[in-house]
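The structure appears right after this line, and notes come after that.
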Amino acid sequence: MPIKRIKLSVRDLMLTVAVLAIPLSWAADKTSQRRDRCLDLADRHARLGAEYRRNSGGLESMLHAADWHSYMSRCFEEAADRPWEPIPKSMPLPPKRWSPPSPAATDAGATAVIKRSS
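Read left to right, the sequence shown gives residues 138 to 255 (our numbering).
Listed below in structure tokens is the structure:
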């Protein structure tokens, strides 16, 4: 059985490219907006973490909150570069029994799963 050859004119090819460009540009715009949002949240958490650390006066709960905001900042920076993953929820305070990840885990780029404790 012979394979039919599709004959496309230059006009047909230009029309195909134009039709495909519309959804691709929409997807690229959404990805760019998502990245900007993640980087904005990362910056906000980084500033909050620095503020908590600066005003802590050695108070353990303030340092704990500063670690939390540093952790959330890293999570949002990672999410900005991974559009296929969901955006983490921005929580102002750490969940109960949250502890900062070990430095080895954060250096490897691993993101721990944040679970709300009930």
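The beta carbon of each residue, even a glycine, is placed where N, CA and C say it ideally should be.
Note that the coordinates shown come from a computational prediction; the quantities given were computed from them, not determined experimentally.
By the CB criterion at 7 Å, A179 and E222 fall outside the cutoff. Per DSSP, the unbroken alpha helix (DSSP H) holding K167 starts and ends at 147 to 191. Burial state of A202 is buried, judged by a 10 Å Cβ sphere holding 16 or more other Cβ atoms. For W235, no alpha helix (DSSP H) segment is defined, and its DSSP state is neither H nor E. Selection V156, K233, C175 evaluated against R211 yields C175 as nearest (Cα-Cα).
Secondary structure of W205 (DSSP, three-state): helix.
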